[in-house]
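Numbering (this note's numbering), first residue to last: 2 to 108.
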């Protein structure tokens, strides 16, 4: 990949910035954390940002497509995942394999 690839993950309100806190953390969020770490290790040119609705509301407004989805569908639209601003997945997190497939399409 020649240019920096930016993945943004827009998430519903959570108790903390990662969502993996408390007595029974969500296993999907734990898998996401592991996937992010693995991608960052294997693809240092990829930048991954996570935005929680309650911690980063302004970031939701900076992407017009994301803002429109959330305005229309509320938190039901979340999570929304974008690569370089384009929505690639809604209403669920992506697996490692799904991220890799999308990254390879952009090489």
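Built from N, CA and C at the ideal position, the CB exists for glycine as well.
- As the crow flies, the alpha-carbon of residue 97 is around 8 angstroms from that of residue 40.
- Going by C-alpha positions, residue 107 is about 9 angstroms away from residue 6.
- According to the DSSP assignment, residue 60 belongs to the alpha helix (DSSP H) that extends over 58-62.
- Annotated as proximal: residue 10 and residue 51, with beta-carbon spacing under 8 angstroms.
- Taking residue 95 as the centre and dropping the five residues before and after it, the same chain places the C-beta of 82 closer than 7 angstroms to its C-beta, in chain order.
- Here DSSP, grouped into helix, strand and coil, assigns residue 5 to coil.
- Residue pairing of residue 50 in beta bridges, as defined by DSSP: 9.
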